[in-house]
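A.B. asks: In the numbering used here, the protein residues as written are 367 to 732. Quick one: this structure, given as structure tokens, is what I'll be asking you about.
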């Protein structure tokens, strides 16, 4: 029995030793492959550094030429600035390449990296304090990550997120707004879109052109126990057969607004660029919009024999397919009082012509 146990022990120890040796060889092989890949990436990054700095130098020279053309600097000063920019970029290349060469030398001397590799959501991340010659999504920086991208000297176009909301109603032929069949408090609109603002003149930001696209939702809260009825393509308001708990009608439009905006602004000048700021400045916008109707829906809530009924009628009304109108706003900074009026009628055929009108708050969020 002792002999059997001895032989089994020898076999187990032999298998364990073989497994450990195989794992060590596999680990060494993996480490060698990883080392070679890291060195190849570093060598490749040397070319990227040169291309990146040369591209930055072109942008530097372009900015200097713009300043020279506008008369902000003399020819001698422009040439001096170009020389300084070229020296700076050459020194950047030299320093970056030296850092990369040192990293390559470090990898050649050891199999173990001197940076901490961690995993975030299953992906390998390199943990580095400060900045370095390599960049990318695989790096986590403590402090400021180096970003030497020069700013554009003159930025004429900006983009904003547009959000507006407020009251909605209709101007109806032969009726005053006080006698509107739609509740003022319950009827509203929401607008959500994206627009661009471009300075018109080179040396002044007083006049700006705004353009973009928006989705508009216009809602009518129908009162006096009435609802909309489509009779052979003609839309009219009729008395409901029982007591209505709620009657609402909504249109959804995609429009392309354009405004001429004007107002004062503050010029902010930096060493290598300048900007105009309209923060806390008065602004006025006058314009129009054109677009398409995307859909319409009427919601009715009522009771039949004590049972609650919810009725949704989608796309059953002959609304105008082509939407166009006038809009204007006046405000300070990013917020403004906003008015829009549809020149196109709400419905193609209606007993009384009615045009949508909205008044509310507009926010331009950059």
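All residues carry an ideal CB built from backbone N, CA and C; glycine is no exception.
With DSSP run on the structure shown, which of helix, strand or coil describes residue 512?
C.D. replies: Residue confidence is low: residue 512 scores 49 on pLDDT, short of 50, so the model does not pin down where it sits. No coordinate-derived value is stated.
A.B. asks: Quick one: residues in its chain with C-beta nearer than 7 Å to the C-beta of residue 643, no 5 flanking neighbours on either side, listed in chain order?
C.D. replies: Around residue 643: 631, 632 and 634.
A.B. asks: Quick one: is residue 457 buried, meaning 16 or more other Cβ sit within 10 Å of its Cβ, or exposed?
C.D. replies: Residue 457 is exposed by the Cβ-count criterion.
A.B. asks: Nearest by alpha-carbon distance to residue 694: which of 674, 714 and 653 is it?
C.D. replies: The shortest Cα separation from residue 694 among 674, 714 and 653 belongs to 653.
A.B. asks: To the nearest angstrom, report how far apart residue 591 and residue 689 are at their CA atoms.
C.D. replies: Distance between the alpha carbons of residue 591 and residue 689 is about 29 Å.
A.B. asks: In its own chain, which residues sit with a C-beta less than 8 Å from the C-beta of residue 727, not counting the 5 before and 5 after it?
C.D. replies: 530, 531, 532, 701, 702, 703 and 704.
A.B. asks: Take residue 559 and list the residues in its own chain whose beta-carbon comes closer than 7 Å to its own, dropping the five residues that flank it on each side.
C.D. replies: Correct list, in chain order: 528, 578, 579, 580 and 581.
A.B. asks: Do you know offhand how far residue 576's Cα is from residue 407's?
C.D. replies: Rounded to the nearest angstrom, the two C-alpha atoms are 45 Å apart.
A.B. asks: Tell me the DSSP secondary structure of residue 422 in three-state form.
C.D. replies: The answer is helix: DSSP assigns residue 422 an H, G or I state.
A.B. asks: Which residue spans inside the region 532-614 form an unbroken beta strand (DSSP E) run of at least 3?
C.D. replies: Complete beta strand (DSSP E) runs here, min 3: 554-565, 573-587, 592-597 and 600-605.
A.B. asks: Any idea which residues DSSP pairs residue 530 with across the strands?
C.D. replies: BP columns for residue 530 point to 557 and 728.
A.B. asks: Just to confirm my understanding: we take residue 444, look at its own chain, exclude 5 residues before and 5 after, and list those with CB closer than 8 Å. What are they?
C.D. replies: So the qualifying residues of the chain are 430, 431, 433 and 434.
A.B. asks: Whose C-alpha, out of 454, 671, 660 and 568, is nearest the C-alpha of residue 437?
C.D. replies: If we check each option's Cα against that of residue 437, 568 comes out closest.
A.B. asks: Inspect the CB distances between the region 457-470 and the region 407-417 and report whether three or more fall short of 8 Å.
C.D. replies: They touch, by the three-pair rule.
A.B. asks: Using a Cβ-based criterion (distance less than 8 Å to any ligand heavy atom), does residue 548 qualify as near the ligand MN?
C.D. replies: No copy of the ligand MN occurs in the structure displayed, which carries no ligand at all.
A.B. asks: Which whole-angstrom value is the C-beta distance of residue 517 and residue 638, which I expect to be below 8 Å?
C.D. replies: Confirmed, Cβ separation roughly 7 Å.
A.B. asks: Below 6 Å CB to CB, which residues in the same chain sit around residue 611 once its five sequence neighbours on both sides are set aside?
C.D. replies: Counting only Cβ-Cβ distances below 6 Å, and skipping sequence neighbours, we find 667 and 668.
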